[in-house]
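Residue numbers (the numbering used here): 7 to 379. All C-beta atoms, glycine included, are put in the ideal place defined by N, C-alpha and C.
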Ligand SMILES: Nc1ncnc2c1ncn2[C@@H]1O[C@H](COP(=O)(O)OP(=O)(O)OP(=O)(O)O)[C@@H](O)[C@H]1O
Ligand SMILES: [Mg+2]
């Protein structure tokens, strides 16, 4: 239980004590709020007194009369909105000045209740102001967390780009000072390693571009009828060279004419990421099995490998940005840890699901289901 502090600014003592009485045993709860709220009432007979309370003590809700002996309610309201105070104001006012109360909502008052009001009307107004305040505070909090996430993201990112850059710089310095003599062949290894690091950076940057595209686009992607059969075959072609090098066999069962209304790059993201992982984390002489099936209400894609597998405890974090599972098997495999997080966001943007089953040391199966319509 948490307490909401309600400041009542009204020159009629009867109104103030009446409100206090009504709210004494009143509580509100909503399914989306973590706890229930009860109320504590603070009374002020003038606008000046009300401002004192607002400045000096924590106030959450204000019930504000407009016609007051000294400064008027609207001036109190001005102070609140000018200082962007985190509270919700409800005007309580007689019928005669209803127009004024309506105008006050333009000045930042959340609501107004005409006097005289019944206890039930007061409770309804208090309940709705509480909900408003709660949601407003939640939004602010979520924005703050978003900032924190972005910051974490940037720091991981700079770290990820810094190490390949230093490596390349090192190799170039080595060549620049002719450490191994003036014969270019001597530097083959440095050159190849530099190219390898550049490839890594390029793939990280490509991943980031996918990610920002996902984050910033609010559903206005260009969509059309995409031939998933063709996209799948193309993705298979891309991994063939590496698969051949490592003697990995690829078996496929691909339905013909599997069409899906989508953005074609999104579909490429899904297939390329699953297949690239299936080769990368496979074993030499291993196997990849890909199925693409069109059912009546969905399209099901499974990509299974006979690779290194993933331990049970690691499965959960797999889809989080920058997750790379570190063990003896993965030590020499490079990657940014972004592929699966991008994949999941993409699949979910089509109301689809992705599931993973794995046995450490034996292999992994990813299943993507995309609902039709
Ligand atoms: N098929 C798989 N078998 C075993 N481990 C896997 C498999 N797919 C992913 N993983 C593990 O999950 C981690 C995250 O995969 P993800 O595709 O997100 O990133 P990545 O492959 O490291 O980098 P990239 O951004 O280049 O794809 C990998 O680092 C790897 O440890
Ligand atoms: Mg990957």
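How far does the alpha helix (DSSP H) with residue 19 in it extend, from its first residue to its last? 19-30
Can you grab the Cα-Cα spacing for the pair residue 282 / residue 332, in whole Å? 18 Å
With distances taken between CB atoms, is the gap from residue 86 to residue 48 smaller than 8 Å? no
DSSP three-state assignment for residue 279, whether helix, strand or coil: helix
Under the assumption that residue 9 contacts residue 46 (Cβ atoms under 8 Å), give the Cβ distance between them as a whole number of angstroms. Indeed, because the Cβ distance is near 5 Å, the residues count as touching under 8 Å.
Tell me the DSSP bridge mates of residue 71? 98
Give me the Cβ distance between residue 76 and residue 99, rounded to the nearest whole Å; I'm assuming they're in contact under 8 Å. Their Cβ separation, rounded to whole angstroms, is 17 Å, which puts residue 76 and residue 99 out of contact at 8 Å.
Which of helix, strand or coil does DSSP assign to residue 344? coil
Report the option in 371, 139, 121, 25 whose CA atom is closest to the CA atom of residue 307. 371
Cβ neighbours of residue 375 in the same chain (closer than 6 Å, five flanking residues each side left out): Excluding sequence neighbours, residue 375 sits near 304, 306, 358, 359.
When the Cα of residue 201 is compared with those of 176, 271, 334, which residue comes out closest? 176
Entirely enclosed beta strand (DSSP E) segments - the segment 327-378, minimum 3 residues: 359-365, 369-377
Just checking residue 340 against ligand 2 - is the residue's beta carbon closer than 7 Å to any of the ligand's heavy atoms? no
Tell me which residues share the same chain as residue 352 and place their Cβ nearer than 7 Å to its Cβ, disregarding the 5 neighbours each side in the sequence. 220, 272, 275, 276
Within 10 angstroms of its Cβ, does residue 216 collect 16 or more other Cβ (buried), or is it exposed? Around the CB of residue 216, 16 or more other CB atoms lie within 10 Å, so the residue is classed as buried.
Reference residue 206; option with closest CA among 228, 68, 173, 160: 173
Outcome for residue 339 when other beta-carbon atoms lying within 10 angstroms are tallied against a minimum of 16: Residue 339 should be labelled exposed.
Ligand 1 and residue 370: does the residue's C-beta get closer than 7 Å to at least one heavy atom of that ligand? yes
Going by DSSP, what residues sit across from residue 44 in a beta bridge? 9, 33
Residue 240 to residue 287, Cα distance in whole Å? 20 Å
Cβ-based neighbour list, residue 111, same chain, cut-off 8 Å, excluding 5 preceding and 5 following: 97, 117, 118
Ligand 1 and residue 329: does any heavy atom of the ligand fall closer than 7 Å to the residue's C-beta? Taken from the Cβ of residue 329, at least one heavy atom of ligand 1 lies inside 7 Å.
CB-CB length for residue 270 against residue 237, believed under 8 Å: About 7 Å separates the Cβ atoms of residue 270 and residue 237, confirming a contact at the 8 Å cut-off.
Between 336, 196, 247, 169, which lies nearest to residue 317 when the distance is taken from Cα to Cα? 336
Cα-Cα, which of 295, 309, 266 is closest to residue 302? When 295, 309, 266 are compared, the shortest CA-CA separation from residue 302 is found for 266.
Could you spell out where the beta strand (DSSP E) holding residue 311 opens and where it closes? 304-311
From residue 124 to residue 151, what does the alpha carbon distance come to, in whole angstroms? 41 Å
Selected residue, minimal CA-CA separation from residue 166, among 21, 121, 208, 63: The shortest Cα separation from residue 166 among 21, 121, 208, 63 belongs to 208.
Residue 402 vs residue 322 beta-carbon contact at 8 Å: Absent from the structure is residue 402, since the part of the chain shown begins at 7 and ends at 379.
Rounded to the nearest angstrom, how far is the Cβ of residue 254 from that of residue 315, given a contact under 8 Å? So it is not a contact: roughly 15 Å between Cβ atoms.
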